[in-house]
Amino acid sequence: MDITLTMNGRTTINLWFMPEDESKTVAVIIKNGFSIRMENPLVITEEGYKMITRFNMKDVQFLPTSGFRKLISFEELTLESNMYIPKQYGEIEKYEILININRPTTWCVWDHVVFSQDFINELSAYYTEDLAQFVPQIWNFRIEFVHAEFIFVTNDKNWVDISNPLNNFLIALVTEQLEINCNMDKTDFCPQVRHYKGEMIASKAISIKFHVPKRSTLSPVVHTLYDNSFYSSIYQPIAINIDG
18 MDITLTMNGR
28 TTINLWFMPE
38 DESKTVAVII
48 KNGFSIRMEN
58 PLVITEEGYK
68 MITRFNMKDV
78 QFLPTSGFRK
88 LISFEELTLE
98 SNMYIPKQYG
108 EIEKYEILIN
118 INRPTTWCVW
128 DHVVFSQDFI
138 NELSAYYTED
148 LAQFVPQIWN
158 FRIEFVHAEF
168 IFVTNDKNWV
178 DISNPLNNFL
188 IALVTEQLEI
198 NCNMDKTDFC
208 PQVRHYKGEM
218 IASKAISIKF
228 HVPKRSTLSP
238 VVHTLYDNSF
248 YSSIYQPIAI
258 NIDG
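To get the working numbering, take the position in the sequence shown, counting from 1, and add 17.
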């Protein structure tokens, strides 16, 4: 038995939270619908229970209530979750999450960092470690970005022109394919330190783009460097190991 939930047309989801009694919102706008599909929910095997869930949404924007409204947008996101729950109580649950994001654009602004910290703190404010409810788990994540663009606003003193983004000094990191693998081992109850291992691999074409406002004093310098620079393409995978 398969279960499929489909939403057609434009959908808006508002996520509300109140850090220090200040109301904030993240608006998730899905312009071309989304679908959730569960294949053979909770299939019973000799080892335990298994379930596969697939989630897809197209043409999506994340808009925070901070001054600069642009945060994340992408053409399509596909998520596949494989869940395994053992029959024996106390055995390790395993989750495998695969996320594929096509043509994402992420705006990196200091206000977004503070906004995200408040959102995470609000989500974790009521979480406490309880031995009676503890279940050992292992989470494996693989996130694939295709034709990704990360835009950094690098104005002096973190100033941002909200009315017209073209008046900002922008640096964009563009990559054709970026893959992030992360392993979260939560098999120990309330350890002093948790060690999470990750790997980041950027492959195929990688480039850096600049946008300098015409009225900026750096504009003639950057354009001169651009006109007199030598360019070459590098197609070498880059791997970064993270333990922390």
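For glycine and all other residues, C-beta sits at the position ideal for the given N, C-alpha and C.
> According to the neighbour-count rule (16 or more other Cβ atoms, all chains shown, within 10 Å of its Cβ), is M24 buried or exposed?
Replying inline: exposed
> If you check the beta carbons only, do H129 and F186 fall under 9 Å apart?
Replying inline: no
> Quick one: complete beta strand (DSSP E) runs, 3+ long, within the stretch 125-177?
Replying inline: 154-170
> In three-state terms, what does DSSP make of E110?
Replying inline: strand
>> Classify P208: buried if its beta carbon has 16 or more other beta carbons within 10 angstroms, exposed otherwise.
In response: Here P208 is exposed: its Cβ has fewer than 16 other Cβ atoms, across all protein chains shown, within 10 Å.
>> Taking the beta carbon of I257 as the centre, do at least 16 other beta carbons fall within 10 Å, making it buried, or is it exposed?
In response: A caution first: I257 carries a pLDDT of 48, below 50, which makes its placement in the model too unreliable to give a value.
> In whole angstroms, what is the alpha-carbon distance linking I53 and K67?
Replying inline: 17 Å
> Below 9 Å between beta carbons: does that hold for G65 and G50?
Replying inline: Contact flag unset, no.
>> Tell me which residue opens and which closes the beta strand (DSSP E) that M201 is part of.
In response: 187-203
>> Can you list, in chain order, the residues of its chain with a C-beta nearer than 8 Å to that of I225? Leave out the 5 residues immediately preceding and following it.
In response: I188, A189, L190, V191
>> I'd like to check one pair, L80 with N117: are the Cβ atoms closer than 9 Å?
In response: no
>> According to DSSP, simplified to helix, strand and coil, what is E262?
In response: With the chain covering only 18 through 261, there is no way to say anything about residue 262.
> If you pair each beta-carbon of the stretch 133-146 with each one of the stretch 101-113, do three or more pairs fall below 8 Å?
Replying inline: no
> Helix or strand or just coil, what does DSSP make of N184?
Replying inline: helix
> Below 9 Å between beta carbons: does that hold for S83 and K41?
Replying inline: yes
>> What does DSSP give as the partner residue(s) for K104 in the beta ladder?
In response: Bridge partners of K104: none, in fact.
> In three-state DSSP terms, what is G65?
Replying inline: strand
>> Looking only at its chain, what residues have a beta carbon closer than 8 Å to the beta carbon of I109, apart from the 5 residues adjacent to it on each side?
In response: P103, P153, Q154, I155, T204
> Since D76 and E92 are thought to touch, with beta carbons under 8 Å apart, how far apart are those beta carbons, to the nearest angstrom?
Replying inline: 6 Å
> Under three-state DSSP, which class holds V229?
Replying inline: coil
>> By alpha-carbon positions, which one of I61, N119, E39, R71 ends up nearest to Q78?
In response: N119
> In this structure, does DSSP put N57 in helix, strand or coil?
Replying inline: strand
> From this set, D147, W124, R159, which residue's C-alpha is nearest A165's C-alpha?
Replying inline: It is W124.
> Which one or two residues does DSSP pair with P81 in a beta bridge?
Replying inline: V43
> E113 and N157 look like a contact to me (Cβ under 8 Å); what is the Cβ gap, rounded to whole Å?
Replying inline: 5 Å
>> For L88, tell me which candidate among Y106, F169, T28 has the shortest Cα-Cα distance.
In response: Comparing Cα positions, the closest option is F169.
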